[in-house]
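Residue numbers (numbering that gives the first Met the number 0): 0 to 447.
Positions of the beta carbon are idealized from the N, C-alpha and C atoms, including for glycine.
If you're wondering where the values come from, they're calculated on a predicted model, not measured in any experiment.
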Amino acid sequence: MTELPPAAALQTADPSLNDRMIDQVNPISGVPLKIVPADEKQDAPKRLITAMALAQFGAYLTIMTPVVVTLSVRVAEIAPDNKASALSAVLSVGALLALVGNPFFGAMSDRTRSRFGRRRPWLIGGMIAGLLGLAIVATGGSIPVLTLGWAVTQLGVNATLATLTALLPDQVPAHQRGRVGGILGLMTSIAILAGTALAALLSGHTFAMFMVPAVIGTLTVALLISILKDRPAAAGQHEKYDFKEFLRTFYVNPRRFPDFSWNLLSRFLIWMGIASVTTYQSYLLIDRFGYTTDNVATAVLIATLLTTAGMVGGSTIGGWLSDRTGNRKPFVLIAGVVIAVSLLGIAVSHSFALFLVSVLVFGVGEGLYLAVDLALATEVLPNPDDAAKDMGVLNIANALPQSLVPILAAPILAIGSSDSENYGLLFLLGAIVAIVGSLLVRLVRGAR
Numbered sequence: 000m001t002e003l004p005p006a007a008a009l010q011t012a013d014p015s016l017n018d019r020m021i022d023q024v025n026p027i028s029g030v031p032l033k034i035v036p037a038d039e040k041q042d043a044p045k046r047l048i049t050a051m052a053l054a055q056f057g058a059y060l061t062i063m064t065p066v067v068v069t070l071s072v073r074v075a076e077i078a079p080d081n082k083a084s085a086l087s088a089v090l091s092v093g094a095l096l097a098l099v100g101n102p103f104f105g106a107m108s109d110r111t112r113s114r115f116g117r118r119r120p121w122l123i124g125g126m127i128a129g130l131l132g133l134a135i136v137a138t139g140g141s142i143p144v145l146t147l148g149w150a151v152t153q154l155g156v157n158a159t160l161a162t163l164t165a166l167l168p169d170q171v172p173a174h175q176r177g178r179v180g181g182i183l184g185l186m187t188s189i190a191i192l193a194g195t196a197l198a199a200l201l202s203g204h205t206f207a208m209f210m211v212p213a214v215i216g217t218l219t220v221a222l223l224i225s226i227l228k229d230r231p232a233a234a235g236q237h238e239k240y241d242f243k244e245f246l247r248t249f250y251v252n253p254r255r256f257p258d259f260s261w262n263l264l265s266r267f268l269i270w271m272g273i274a275s276v277t278t279y280q281s282y283l284l285i286d287r288f289g290y291t292t293d294n295v296a297t298a299v300l301i302a303t304l305l306t307t308a309g310m311v312g313g314s315t316i317g318g319w320l321s322d323r324t325g326n327r328k329p330f331v332l333i334a335g336v337v338i339a340v341s342l343l344g345i346a347v348s349h350s351f352a353l354f355l356v357s358v359l360v361f362g363v364g365e366g367l368y369l370a371v372d373l374a375l376a377t378e379v380l381p382n383p384d385d386a387a388k389d390m391g392v393l394n395i396a397n398a399l400p401q402s403l404v405p406i407l408a409a410p411i412l413a414i415g416s417s418d419s420e421n422y423g424l425l426f427l428l429g430a431i432v433a434i435v436g437s438l439l440v441r442l443v444r445g446a447r
């Protein structure tokens with residue numbers, strides 16, 4: 000077994016910190032979580048948490064507004080006769096680049112040695128690239144040009160998101176991560192709501208629909224980097240990053256890092272359940288409850304508002320209780336059960352009222368999960384010095400289901416019975432995988 004060096008042998012890039020270094024050890028496994036300045040035992044500053052929350056809101060406002068609303072409008076303007084297939088192609092390219100870009104840019108951030116630190120350049124650089132990409136989307140006159148712009152946008156914003164996620168283990172002490180994780184998760188849903196409202200407000204002004212969210216996002220990230228206490232990667236901290244190392248980015252040895260691997264699989268399955276709702280909610284309302292393409296947006300807005308309200312309660316209470324007790328796994332298990340119950344409610348709902356109650360419960364479960372899962376993830380990272388890369392790998396587990404669910408749902412929805420009943424089967428299967436995912440977290444031994 001490799002012997003860990005003593006804390007005294009570990010030096011930071013900032014000599015002023017070297018005399019204040021302490022070991023922070025996982026109380027369950029005995030493995031060092033990271034070597035941190037002693038003053039990190041204190042709560043993270045409130046202004047830092049506020050800035051992180053605003054940056055999370057801004058980054059997701061930038062990337063999710065096109066996904067939810069404006070990109071489909073732009074594609075329809077350019078290719079009205081084959082808009083559905085064109086949109087699928089554009090989104091597929093973007094999704095693939097997001098999967099690759101998130102851990103890649105995270106690894107690059109971990110290795111960055113600049114006088115601006117290792118996080119700041121990627122935070123703001125990614126948003127500027129996203130801004131330029133969306134300008135191409137808004138002004139391009141063909142699907143290939145639009146695809147190019149969306150590719151640049153996805154790569155840029157995912158560089159920001161990978162780096163932003165790493166700030167949780169970088170800047171927030173373990174005892175506070177449940178509450179902060181809940182706030183960050185909540186900002187994602189609020190960003191989607193705000194993006195939908197902005198798109199409606201700016202309807203008919205194509206350039207503004209893309210650029211206003213992007214400018215807001217860039218400004219929020221600029222605010223964060225203005226107060227962020229960042230430092231560069233230490234000399235010799237990482238090996239040379241070549242193509243072989245790039246491929247290793249996407250592989251985690253389950254024997255060496257079983258806790259991280261089990262958490263990765265657990266997260267993937269739970270997000271498969273979540274994605275079944277977010278992907279097919281509109282079609283269920285049309286096929287089962289008689290809404291049309293003209294008025295389904297109103298029903299979706301009502302459902303989204305209730306989901307967000309549930310997330311506020313779930314993330315706030317769950318994150319606080321998790322930090323208070325120091326436990327993560329029981330709350331992940333409870334969240335998975337709540338999500339599964341809500342999916343069963345949606346599956347059997349034959350009235351809009353029952354559907355709304357179910358999505359409210361769904362929001363509670365999702366909010367609780369987002370709060371504690373991020374906190375749990377930071378406690379099972381293979382190497383805290385690679386936090387951005389490893390958190391990027393974890394992000395694959397919640398991004399990949401968004402692409403996989405439509406592929407896997409196609410044969411399910413084609414099974415013999417009517418479409419409205421097949422949606423029930425889809426949500427039933429989503430409930431099952433969510434339960435399995437929540438049970439797998441019990442196999443994580445290095446955290447409570």
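Unbroken alpha helix (DSSP H) stretches of 4 residues or longer found wholly inside the stretch 89 to 169: 119 to 138, given in chain order. Residue burial is scored here from C-beta neighbours: Ile414 has fewer than 16 other C-beta atoms within 10 angstroms and is therefore classed as exposed. Each residue's CA atom was taken as its position, placing Phe361 and Trp319 some 19 Å apart. Annotation: Arg327 to Arg444 spans about 12 Å, alpha carbon to alpha carbon.
Rounded to whole angstroms, Val371 and Gly335 show a C-alpha spacing of 11 Å. Secondary structure of Ala213 (DSSP, three-state): helix.
Taking 9 Å as the cut-off, the beta carbon of Ala165 is found closer than this to the beta carbon of Arg118. The stretch 342 to 356 and the stretch 371 to 382 do not touch, with fewer than 3 CB-CB distances between them shorter than 8 Å.
With a cutoff of 9 Å on beta-carbon distance, His174 and Gly325 are scored as near each other. Within the stretch 282 to 362, complete alpha helix (DSSP H) segments of at least 4 residues are found at 295 to 324 and 328 to 347, given in chain order.
Annotation: Gly313 to Gly57 spans about 22 Å, alpha carbon to alpha carbon. Minimum Cα-Cα distance from Ser260 among the listed residues Arg447, Leu393, Arg114 and Val99 corresponds to Leu393. Comparing alpha carbon positions, the residue from Phe267, Leu412 and Ser84 closest to Asp286 is Leu412. Assigned with DSSP and collapsed to three states, Leu380 falls in coil, not helix or strand. Rounded to the nearest angstrom, the Cβ distance from Gly155 to Gly132 is 6 Å, consistent with a contact under 8 Å. Nearest neighbour of Leu192 by Cα position, chosen from Met310, Val136, Ile127 and Arg110, turns out to be Met310. Restricting attention to Val340, Leu60, Leu145 and Ala43, the CA atom closest to the CA of Thr187 is found in Leu60. With a cutoff of 9 Å on beta-carbon distance, Ala198 and Met208 are scored as near each other. Just so you know, the alpha carbons of Ile48 and Ala161 end up roughly 17 Å apart. Rounded to whole angstroms, Ser71 and Ala190 show a C-alpha spacing of 18 Å. Here DSSP, grouped into helix, strand and coil, assigns Asp385 to helix. The beta carbon of Tyr422 sits closer than 8 Å to the beta carbons of Tyr279, Tyr282, Leu283, Asp286, Arg287, Ala346 and Leu412 from its chain, once the five residues preceding and following it are set aside; these are given in chain order.
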